[in-house]
Each structure stands twice: as C-alpha cells, then as structure tokens.
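In the numbering used here, the protein residues as written are 57 to 1080.
For each residue, glycine too, the CB sits at the ideal point set by N, CA and C.
Working notes, structure below.
In structure tokens form, the structure reads like this:
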C-alpha cells in the first residue's frame, strides 16, 4: 500500500444512513460506488466513496482496499460497512472511524423529520421517539409513519409489538447480522437500563459467551448507545426498541438476572439493580437496596422509578427508610401533596420523640417541601429542629454530610426571607465545614449556598465548584439546579454560545425524572439562548414543549413560555401573532403576580411597531403597555421597561424624552451587569442620539456585546444600523449588506420597524439579468432620462465589470468605435456627468458616490449600488460555504432564491457584445453550480420530483451536460419511470453524438431500483 491515503470508515448497522452520509460528504469531483462496482472497475478519482463493503467476502475486501491504496490518483477514501475493515487492511491503512453516534439523529433532527415529512406536530413526541430509538434513522422513520397514520398511538407498542413494521425490520435487517453469542448476551441484558462494562463481563461469564469487549463492539455497531455527562460517562444502554423486540425465548433466566443485579449494584447503579431483582422475583432484596441506597437512587435521577417500585410493595416490607426515600421522590417529581402525605407518619414519630426524633436527614427533606411550597418560616423552624438533633449525635461521615446539607438549606431559606447578612455568615461557616469533610455531596451543597450569597464572578466560581462536586457524586438533582442557574447567569451576561451548551446540559439533567418546573426552566433557558443565536425554529420547539409541560401545573404557569414565543415572533416581524401571545402572557402574569414575566411581556408589547391605518390608536396602546411596565418594574426588570418606554417616546417624536429613558436604561443595566439589557438599551440610545460619533460609539459597544456572545441576529441588526450612518466607510457598508442578507436568511423582516429588505440598502439598484433596468429610490429610471444609448451602455459595461476599473481608452473604443479618439475623451466626461445625474437626480450625494473615476479608469461603486449579478454570484459563494459547513437548510433557501432570481443571462439585450461575455460566463457558472447543489440537497431530502426537475432545468440551459444527463436517467430508473428514462437516454445519446463525445452506457437503464433513501437533510454532517 504505497502512498498516503486519507481513510474514513463509516461503520454502523443497517438503517443508519451510511449511503446518505457518503453522498453528503462527496465533493463535486468525487465518486461513490458500491463495493461490487468498485471491485469490477476501479475508476480514477481523487475522492472515492465505497458503499456496502460488508457485502464482499474478506478476501475481496482486502483486495479492493489494496487496489485503491495502489491508485495514486485516489487520496481520499470513505468506506461504508457494517463490519470492521479486514485485519490486514486495518493494520496497513490508518484512518478514522465514524460510527452510529455521528450518524444518528438528534432530538431536534427527529422533530424536523416528524414535522416536515410526516406532519406530526406534537412537541413532546420527538423526545419520546428519540428516547426509544436513540436517533436510529430508520427506526425514527418507522415511528413517524405509524404516528402519521394514528396520531394517538402509543409509540413504544407501535414500534415493538408483534407484527409491527419496526419489529419485522429489526428481525430481518439487524438481528441476523449479529453473532449468536452476541444475541444471547443482548437477551440477557435487555431491559436492565444503563449498563457498565462490569455488567457485561459478569453476564457474559454466566452465559458462557466468552471474553470480549462486548460493550465496545456493540456500541460501534449501534446496538448500544453511549450515555453522556452527569456521572454517566462510560455507561451504555441497549437501544430500547431493539431490547423490546428481542425474541422472548432468549430472555434472561433468574440466575442471569441475579448475577446482573449484583454487578449493577457494584457498579454504582443501585436502581437498575433493584429493578433487576424485581424481575428475578426477589422483591425483598430490591426494597433492601431502596432502604440502603435510596438517596443515591434519587440523586441519580430515578425518583419516578422509585415511586413506581415502592407502590408495588406490600406495606409490611416498607420500612421508615423506604418511606423517607419515597416521600423525597414525590418532592423531587413536584408532587408536594404526595410528599407531605408520605412524610406525615415520619414527622408524627419525630414529634412523639420530641427533638431527639428529628434527624438532620428528616429535617432537610421536610423543610425542602415547605420551601418549595413557599412556607419559608415553617421550613426554617424544621431546619432548626434538625440542627438541634445534629449536635447530639454526630460522628459518622454520613451524619456530617446531612448536617452540611441542612445548614446549606438554611442559607437558601434565609436569603428568600431577606436575611442576607445571616445567610452570608452561615454560608462561610458551612463551606469551611464541608471542606474539612471533603465528601462531594457536602462540598456541592456548601458551594451552592455560597453561590446564593455571592455576586458576579464569585457566584460563577462557586457554581462551578458545586457542579464539579455534584458530578463526582452522581447528584443529578443538584447538578440540574446548578446548570439552570448557570445558564440564567450566562444569558444575563450575553454569553449565548456558553449558555446554549450549559442549558443543553441542564435539560439533559432535568429529563432524568426531575420536577416538571425544573424541566420547563431548562427548556426556556435553552430556547432563549438559541433565539439569540438565530436558531428560531429549535427555540420555538423548546418553548412549545415548555408550555405543554407547564399546562400540567396549571394554565397560569404557561406565561413564561408564551413570552418566549412572542419574543421570537416580534424579532421575525410577525407582529399580529406576537401581540396575541404578549397579551395572553400579560393576562396570565397579572393573575399569578409573576413580575418577572409581566414586565418583559408589557415591554415587548410596547415595542411592537404600530400598524398603518390606526397608527395613532396603536401608539396609545403601546404607550399604555409601556406605562404599566414602568409602574410594575423594579430591580433587574427596570431596564426592560425603560427601553420599551424609550422606543415608544421615539416613535411619538419625543427625542429628548427617549434619550433620557435610554440613558437611564443604560445606567440601570450597567449596575446590574446585565449585558444583554445593556446592548438593547445602547441600540435605543443610538437611535435617538444627537451626534454621529455618539451614535457610532453606542452601536459599536452593542455590536461588541452581541458578537462576543454569539448573538448573530442582533449583531447583524447593529451592523445594518452602522452601515446606514453618515460617514460609514466601505467596510461598514459592505458588512451592512452582508448583515441584511443574514437577517433575510433568518426570516427577520424588520430592524426597529424598518423593513430589512430596504434597511440600509443603497438607493440605486441595477438589474442586468434577463434585461437591463435601473431603479433609483425604488422607482425605475425611464428611458428618456438616459438621453443617449451610450449612457445606458456605459452603466452596462461598468456593471459587467462588477466594480473593477475599466480604462478610459477601452471605454472610448467600446462606446465610439468609429470616431476619432482625440474627440471622444470629452464625450466620456460628458457621459459620466449624465450617468451620475441619472443615478442621483437630486444631487444629494458626492459626485463619485455611485460611479468612481480617476485618470486610470472608471468603475461602479458597489458599496453604494445594488447589482443583481454581483449579489447572485456572492450569494452562490455564501450558499456553497454554508453547504460545505453542514448548514444545509439555510443553503437550500439561498440556492432556491438564486434559481428564482436567474430570469435570464446578463445583458440579453446585448447579444453580440464581447464585453458582456465574461459576466455571462461568470453568472452562468454560478447559477449552474447553485442549481446542481440545490438538486443534490433536494435528492438528499428525498424530494425526487424537485431533484429531477432541476436536472431538466440544467439540461435546458446546456444540453451537452453529460453529468446531468447521467443523474437524470439514473434517478428516473430508480424511481421506476422507465419510459421517461429511455426517452431521456435517447436525448443524452443524441447530444453526445452531436459533439463527437462517447455515448452513454446502456446498462444504466438496467439499474435495480433501490429502496427509498432516508431524507438526507437530517443526517448530521461529519468532518470526513
């Protein structure tokens, strides 16, 4: 294997979209072949993809890989297979492996599949489907098909019941590819939940299937899915649907289950061990684990499971220790009434024994219920009883940890009661005590208490220490609380990339059985971070999930989610829908007294742009909303109200009042270190500024905040405003144009009430595609205004050069080819004056604003002119970059727009002019590349009709395009349209004959139709 070869192996089971991934990764000049095709004839290609390598026997696999390695023309090889490479090839060909984790769909990808392709809109269903399938693409589509047919179907039973399509597919395509000992092992492990490597080893030993890295092998195949974060690194679980459809006669015996339970308990998985003992018929041992390790189970995120397990136990087996765990499980799941009922006998026993009956463990848990219910004085009294008891008995480390948690809880209650000085003193003492103990649970609780009494960077540091300790302790409950707090802080400091990462981790923790309220908070924080980054669709989905969750707690709890949805609508310019959602959020927040929702909702309502015909009445409504926000606002909510009131004042023409409100809002936001609100206030300050320098300074600071935090829509919005300033330089104007396109791609319609399509846009627009037209301030220049044909031709020539200078001598020769050059110099100067007068009839701009000139040449100032061919070429480049970086949805939008804008080649009215040839070639090439890319995306998305239509469009422009002919015929054959395929093949043959090129191979008409491809738009892009 003679030369260096960049090798990537895509290895996974059937249905993971390996073929799709090959097509996504393939560059324009690359080839993808099946392994059998490559074995028959290996082409010359720099980039080669080989699909279905596993269909060859090992000897042929080895031979094919050796042949590719010997091909010096091939430098990049991507191989898709269900199996590892042959041992010899694996030793000699060094490369990277990409597996199921790279190919599976994320929960949001599942959402897009369900909604876009099957019309399944329920916001919670994608999470359930992802949990059952682990994002296995084919299983996701099978679930989606069932849901599309029967929206109310139970997804799990629809996937895994006898005779279900998914069951049949798994039994045909997946299980037969596994070795018999692997199937036996999986059957022995099915339904045990998260698994550690030690569990595999123990069960493999009991089943006598031989030593092997079973966990690694089955994970690389996709049967097992790895778990991540919050103390779960290194654990895996069988894809739930797959576990459900394993043959029942291969299920585990009682002996196997007991062995697995022991291994689970020894691996730090006590809840899995308890459930496994229940399956083995040993309920007493399962309850013994709950009694001994119930706290560990709850902190690991198994509260709901503990409730279900204990509910099935007879009363005589339920001890006080189990009752304590059960009561706390109800509290964690948000069932405060159930928790109170479960604690009642324990509290009664403690009361009967006086203070000696109150242990720190009981006190801290009962106080937690009071705290969650808002009974702060009662919580403090309960903690005092537990603290008194802690002075009497304490030697064991466990008692010390419980005491630290009790004292930490006291800090939180004191803060909520406004007794900050006491809380600070207690927090310092409890941290010192925890550091002496050194136990992670105690350290986490103490740092969380210190974070409660700290501010700024100190608060962040204590949260970080607390999170680290909670993760070591496997304490998902505390970790989720910390992560929600961290994401709130990151949002306030406008660090949206970090906020997204932390909020995702918070949601991951909250999904492990934490209370509904905590999940809703995590969803809202994630949505807010995504909204600021411009990921509006995913943000809306998470907010819809939050609203659905909160409805279970009562309609009053949905206000926060509605506020988030209204904010997205306002930013996208959907004012009517935003107004309705703001009003609903306002009414709900008034009823519940939630000032943290009411003020931002009123502020958002006040910032909506007044509608046209009833503008005075609308302004009064906006003023009323702003006034109420000002009355209700205080502290951290004050900048919301001040900024909203400032925008209303500005719209009423009160510039002085707006400036005063802006300055107050800036000062309030700085004092709070709320950088998101600061940047927002600075934009208001800029809008009502008196001097350009002050405006530029405010916008520059706002831009820095938004850009550094990853808020790309807000940064683009500010760049548009900077580009509109008098004195903006070429770089700023160029960035403003790019920013307009960014906002348009995101679907943003307005920047502070001004349409994005015209905000900051140059006043002159020149169109040359399919005909010549010039518009000044939106009005087309009439033909008589040009005075001469040469004036129009001069603008056409300059447009064709796309801002590059044209020498004066060349222009004189082109415009007056038959005249004496000594006379045409003056004519060119007159012509320039005429053109400048046409483009700036009011003489409002400097002489060279639109057409620049110096002794060396003349050029079009593209910083001041919109030129459709220039925009098209640059948009094609942007779309290519987006597609290459994996942002296929945005790329497809731009590519479709490019195709729609291409109404004809440049300068169609100048067919014989050589000066137009270069522009024609450049634009035609950009359009063709864009249509090919769009066709590829349509094919990957499964939109076969659109794909074929685009190929026909390409062939209409160039009937000698061999590649488009080949792709069209192949697609028609694959889709079973054999008659059309033969007619297309005849046209292909005739075109090749006309130019003397070799004719196509007729065997293409015999290709066997493949199964429907997975929609490729939802395949995760991989760096191959």
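Residue range of the unbroken alpha helix (DSSP H) whose run includes residue i
i: residue 528; result: 512 to 528
i: residue 907; result: Where residue 907 is concerned, there is no enclosing alpha helix (DSSP H), although the beta strand (DSSP E) it sits in stretches over 907 to 910.
i: residue 132; result: It is not in any alpha helix (DSSP H) - residue 132 instead sits in the beta strand (DSSP E) that spans 132 to 137.
i: residue 62; result: That residue, residue 62, is in no alpha helix (DSSP H); its beta strand (DSSP E) goes 62 to 67.
i: residue 549; result: No alpha helix (DSSP H) holds residue 549; DSSP gives it neither H nor E.
i: residue 928; result: 924 to 940
i: residue 39; result: For the chain, the structure presents residues 57 to 1080; residue 39 sits outside this window and is missing.
Residue i, buried or exposed, once every other Cβ within 10 Å from all chains shown has been counted against 16
i: residue 903; result: exposed
i: residue 205; result: exposed
i: residue 595; result: buried
i: residue 839; result: exposed
i: residue 83; result: exposed
i: residue 865; result: exposed
i: residue 378; result: buried
i: residue 477; result: exposed
i: residue 979; result: buried
i: residue 519; result: buried
i: residue 974; result: exposed
i: residue 106; result: buried
Cβ of residue i within 8 Å of any chain C Cβ
i: residue 838; result: Judged by its chain identifiers, the structure shown contains no chain C, having just a single protein chain.
Distance between residue j and residue i (C-alpha atoms, nearest Å)
i: residue 932; j: residue 733; result: 36 Å
i: residue 253; j: residue 513; result: 40 Å
i: residue 896; j: residue 945; result: 39 Å
i: residue 915; j: residue 921; result: 11 Å
i: residue 215; j: residue 70; result: 17 Å
i: residue 62; j: residue 126; result: 13 Å
i: residue 996; j: residue 209; result: 29 Å
i: residue 174; j: residue 203; result: 8 Å
i: residue 91; j: residue 1053; result: 28 Å
i: residue 747; j: residue 889; result: 33 Å
i: residue 67; j: residue 278; result: 9 Å
i: residue 874; j: residue 868; result: 10 Å
Closest residue to residue i among the options (Cα-Cα distance)
i: residue 777; options: 680, 1062, 795 and 85; result: 795
i: residue 384; options: 1060, 495 and 352; result: 352
i: residue 505; options: 527, 526 and 479; result: 479
i: residue 337; options: 324, 313 and 749; result: 313
i: residue 1026; options: 1060, 761 and 937; result: 1060
i: residue 636; options: 525, 1056, 619 and 961; result: 619
i: residue 640; options: 883, 271, 761 and 613; result: 613
i: residue 508; options: 625, 537 and 496; result: 537
i: residue 78; options: 121, 97, 133 and 115; result: 133
i: residue 835; options: 845, 844, 827 and 822; result: 822
i: residue 803; options: 590, 523 and 255; result: 590
Per-residue DSSP class, three states only, for residue i
i: residue 1076; result: Because the pLDDT of residue 1076 is 48, which lies under 50, any placement of that residue in the model is unreliable, and the question is left without a value.
i: residue 452; result: Because the pLDDT at residue 452 is just 48, under 50, the model does not fix this residue reliably, and the point stays unresolved.
i: residue 653; result: helix
i: residue 954; result: helix
i: residue 863; result: coil
i: residue 88; result: strand
i: residue 479; result: helix
i: residue 461; result: helix
i: residue 694; result: helix
i: residue 79; result: helix
i: residue 390; result: coil
i: residue 276; result: helix
i: residue 127; result: coil
i: residue 1059; result: helix
i: residue 809; result: coil
i: residue 104; result: strand
i: residue 755; result: helix
i: residue 825; result: strand
For residue i, the first and last residue of its enclosing beta strand (DSSP E)
i: residue 829; result: 829 to 832
i: residue 914; result: 913 to 916
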